[in-house]
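2 protein chains.
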Amino acid sequence: MTTAIRKSNPPSRDSDATKNRIMDAAEDEFARAGLLGARTEAIAANTGVTKAMIFYHFGDKEGLYRAVLDRSVTKRLLALQKVDLQSVDPVEALGRYLKMFMRHAKDSPKVPPIFLFESMQNKGRFYTDMFVAVTYTPVIDILKRGIESGHFRKLDPEQTAVNVIGMCVFYYTSYNNVRSLWPAGTDLMSDEMKERHTRETIDMVIASVLNPEHIVSKSA
Amino acid sequence: MTTAIRKSNPPSRDSDATKNRIMDAAEDEFARAGLLGARTEAIAANTGVTKAMIFYHFGDKEGLYRAVLDRSVTKRLLALQKVDLQSVDPVEALGRYLKMFMRHAKDSPKVPPIFLFESMQNKGRFYTDMFVAVTYTPVIDILKRGIESGHFRKLDPEQTAVNVIGMCVFYYTSYNNVRSLWPAGTDLMSDEMKERHTRETIDMVIASVLNPEHIVSKSA
DNA sequence: AAATTAATTAACCGACCGGTTAGTTAGGAA
DNA sequence: TTCCTAACTAACCGGTCGGTTAATTAATTT
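Chains as they are written, first to last, in this note's numbering: chain A, 1 to 220; chain B, 1 to 220.
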């Protein structure tokens with residue numbers, strides 16, 4: 001278990017290392033209960049250091065929360081910068097973006113719940129423009145480009161972008177509710193199931209935005 | 001405001017009426033913070049009766065929570081029973097189901113957040129088979145029928161059903177995060193915006209499952 | 001090796017929160 | 001009218017939780 005590993009490490013007297021350990025544990029706890037429901041004791045318990053260290057290093061619970069959000073948005077920004085979305089047609093661009101996004105979701109499955117809590121509990125108080133810029137804006141840009149080029153249907157770019165991200169993350173926020181749709185004992189967070197979801201979602205998104213006429217004219 | 005209206009009503013000595021008032025206030029509070037984060041004081045404050053009445057009528061916070069979930073699943077079941085999904089082709093059936101579902105979401109926008117919290121905070125502990133039966137099973141049935149009849153692509157029915165519901169509810173759980181995608185001051189929960197989301201979502205879902213070949217053969 | 005400082009701990013505090021309890025009040029039955 | 005009981009209130013209780021404080025320990029500098 002991650003918990004055990006984290007706790008077994010010796011509490012080294014290294015500020016940055018300790019901060020990261022706290023943020024790792026905090027990510028789990030915030031994903032479980034959001035800023036409001038997270039217990040600082042619970043975070044500390046998976047850290048190997050005392051609860052007081054949270055306040056020493058981050059000021060208060062909110063400070064730690066901000067730090068966790070910042071770290072995850074930075075991570076996604078880095079991943080985004082590695083993808084070239086400009087020099088390919090909109091269909092390919094959308095596919096590339098989705099692959100990048102789903103890889104991030106697969107590697108950091110705790111992030112979607114945290115952002116959901118952020119919206120529902122905190123009314124998006126800590127959700128900055130930066131977060132929008134690294135998730136929704138690229139999708140909207142691609143969609144607009146695709147409509148103009150005729151590759152995509154005449155859709156509402158903003159509403160569609162929200163729905164696209166919704167498809168990508170809903171599985172990661174709701175798997176506990178939908179477990180029973182699969183045979184008992186199926187682990188919805190196994191690599192195989194995550195990959196199946198990724199494949200299915202990319203197919204679905206592409207199909208949902210394509211312009212049928214454009215396909216016909218292409219095959220003719 | 002709903003709050004003011006609820007509170008101004010005289011605290012009648014009617015058990016059922018009081019229970020309903022408590023459940024109304026509880027729905028708001030559970031939608032804000034989930035079972036874990038909900039404050040019984042906050043619920044009582046919007047009720048016109050004392051906090052003690054919650055425990056008198058529902059035993060404990062969890063009892064009230066169960067009651068709220070039950071009420072909303074009953075409501076959806078009733079709406080579902082009024083729709084005929086059998087005697088029409090899969091495309092029409094899916095459209096009808098989505099319209100019904102989105103009407104329910106529009107009228108009870110607090111329900112999606114509650115079920116999201118249920119998954120994330122409580123790991124679906126209170127999410128019964130009944131809930132699955134009134135949300136996912138109908139979609140899966142329609143999808144399977146559509147694949148067999150050739151109307152739909154060869155898709156994964158379960159994964160797709162989850163994504164479909166995801167599209168329907170994500171807007172209602174994330175609007176606080178995505179506000180900035182629209183002009184400042186836009187109320188994402190206005191009737192007009194909700195209807196726009198509904199239209200866009202239904203179009204998108206249908207497009208995402210249709211079998212391209214079936215369309216071509218139809219138009220030929 | 002002494003002094004300095006950053007990292008860490010254990011114990012503690014006040015506010016809050018779920019739940020209880022003892023007593024009150026309205027209203028229907030006898 | 002009296003009685004009974006279901007609905008309701010005000011005050012309270014014990015535990016939990018975010019945050020503080022004073023003292024301790026490990027590195028780093030001089």
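Positions of the beta carbon are idealized from the N, C-alpha and C atoms, including for glycine.
(message) Using the three-state DSSP reduction, which class does His214 of chain A fall into: helix, strand or coil?
(response) Here residue 214 of chain A refers to the residue found at position 214 when the first sequence is read from its first residue. In the three-state DSSP reduction, His214 of chain A falls in the helix class (H, G or I).
(request) Using DSSP bridges, identify the partner residues of Phe152 of chain B. (result) On the second sequence, position 152 is the one that residue 152 of chain B refers to. Under DSSP, the beta-bridge partners assigned to Phe152 of chain B are B:Leu210.
(request) Go ahead and label Asn163 of chain A buried or exposed: buried means 16 or more other beta carbons lie within 10 angstroms of its beta carbon, across all protein chains shown. (result) As a first step, residue 163 of chain A must be located in the first sequence, where it is residue number 163. That one is buried.
(request) Using three-state DSSP, classify Arg125 of chain B as helix, strand or coil. (result) Looking up residue 125 of chain B in the second sequence gives position 125. Of the three classes helix, strand and coil, the one that applies to Arg125 of chain B here is coil, per DSSP.
(request) Would you mind reading off the limits of the alpha helix (DSSP H) that contains Asp24 of chain A? (result) Position 24 of the first sequence, counted from the first residue, corresponds to residue 24 of chain A. Annotation: the continuous alpha helix (DSSP H) that includes Asp24 of chain A extends over Ser15 to Gly37.
(request) Measure from the C-beta of Gln86 of chain A to each C-beta in chain B and report whether the shortest distance is under 8 Å. (result) Along the first sequence, one-based indexing puts residue 86 of chain A at 86. Between Gln86 of chain A and chain B, the shortest Cβ-Cβ separation is not below 8 Å.
(request) Identify every run of the alpha helix (DSSP H) within the stretch 49-82 of chain B, keeping only runs that are complete inside it and at least 4 residues long; order them along the chain. (result) You should have 52-58 and 61-81.
(message) Quick check: is the beta carbon of Thr40 of chain A nearer than 8 Å to any beta carbon in chain B?
(response) One-based indexing of the first sequence puts residue 40 of chain A at position 40. It does not; no Cβ of chain B falls within 8 Å.
(request) Let me know the secondary structure DSSP gives Val205 of chain B once reduced to three states. (result) As a working mapping, residue 205 of chain B is identified with position 205 in the second sequence. Val205 of chain B falls in the helix class under three-state DSSP.
(message) Using CA atoms only, rank isn't needed, just tell me which of B:Gln86, B:Glu213, B:Tyr171 and B:Lys110 is closest to Val73 of chain B.
(response) Here residue 73 of chain B refers to the residue found at position 73 when the second sequence is read from its first residue. That would be B:Lys110, whose Cα lies nearest to the Cα of Val73 of chain B.
(message) If you reduce the DSSP assignment to three classes, tell me which class Asp141 of chain B lands in.
(response) Here residue 141 of chain B is taken as the residue at index 141 of the second sequence, counted from 1. Note: Asp141 of chain B maps to helix in three-state DSSP.
(request) Count the other C-beta atoms from every protein chain shown that fall within 10 angstroms of the C-beta of Leu78 of chain B, then say buried if there are 16 or more, exposed otherwise. (result) Position 78 of the second sequence, counted from the first residue, corresponds to residue 78 of chain B. The residue is exposed, with fewer than 16 neighbouring Cβ atoms inside 10 Å.
(message) Beta carbons nearer than 9 Å to chain B: which residues of the stretch 118-130 of chain A have them?
(response) For the stretch 118-130 of chain A, which is checked against every Cβ of chain B, the residues closer than 9 Å are Glu118, Ser119, Met120, Gln121, Asn122, Lys123, Gly124, Arg125, Tyr127 and Asp129.
(message) Can you pull the chain B neighbours of Ala167 of chain A, defined as C-beta to C-beta under 7 Å?
(response) On the first sequence, position 167 is the one that residue 167 of chain A refers to. Checking the sequence, you will find Met at residue 167 of chain A rather than Ala. Within chain B, the residues near Met167 of chain A are Asn163, Gly166 and Met167.
(request) Starting from the Cα of Asp191 of chain A, find the closest Cα among A:Ser108, A:Gln121 and A:Ala44 and give me that residue. (result) On the first sequence, residue 191 of chain A is found 191 positions in, with the first residue counted as 1. Closest option to Asp191 of chain A, judged by alpha-carbon separation, among A:Ser108, A:Gln121 and A:Ala44: A:Ser108.
(request) Locate the alpha helix (DSSP H) running through Ser174 of chain B, then write down its first and last residues. (result) In the second sequence, counting from the first residue as 1, residue 174 of chain B sits at position 174. Where Ser174 of chain B is concerned, the enclosing alpha helix (DSSP H) stretches over Pro157 to Val178.
(request) With a 10 Å radius around its C-beta and 16 neighbouring C-beta atoms as the bar for buried, classify Thr50 of chain B as buried or exposed. (result) Counting from 1 along the second sequence, the entry for residue 50 of chain B is found at position 50. Counting every other CB atom within 10 Å of its CB across the protein chains shown gives Thr50 of chain B a total below 16, marking it as exposed.
(message) Is it the case that the stretch 182-191 of chain B contacts the stretch 93-105 of chain B, given that we only count it when at least three CB pairs across the two stretches are under 8 Å?
(response) The stretch 93-105 of chain B and the stretch 182-191 of chain B do not touch, with fewer than 3 CB-CB distances between them shorter than 8 Å.
(message) Among the candidates B:Asp16, B:His214, B:Asp24 and B:Glu29, whose CA atom is the shortest distance from the CA of Gln121 of chain A?
(response) To locate residue 121 of chain A, count along the first sequence from 1; it is residue 121. The shortest C-alpha separation from Gln121 of chain A is found at B:Glu29.
(request) Starting from the beta carbon of Tyr136 of chain B, find every residue of chain A whose beta carbon is closer than 8 Å, and list them in chain order. (result) By 1-based counting over the second sequence, the position of residue 136 of chain B is 136. Result: Val178 and Leu181.
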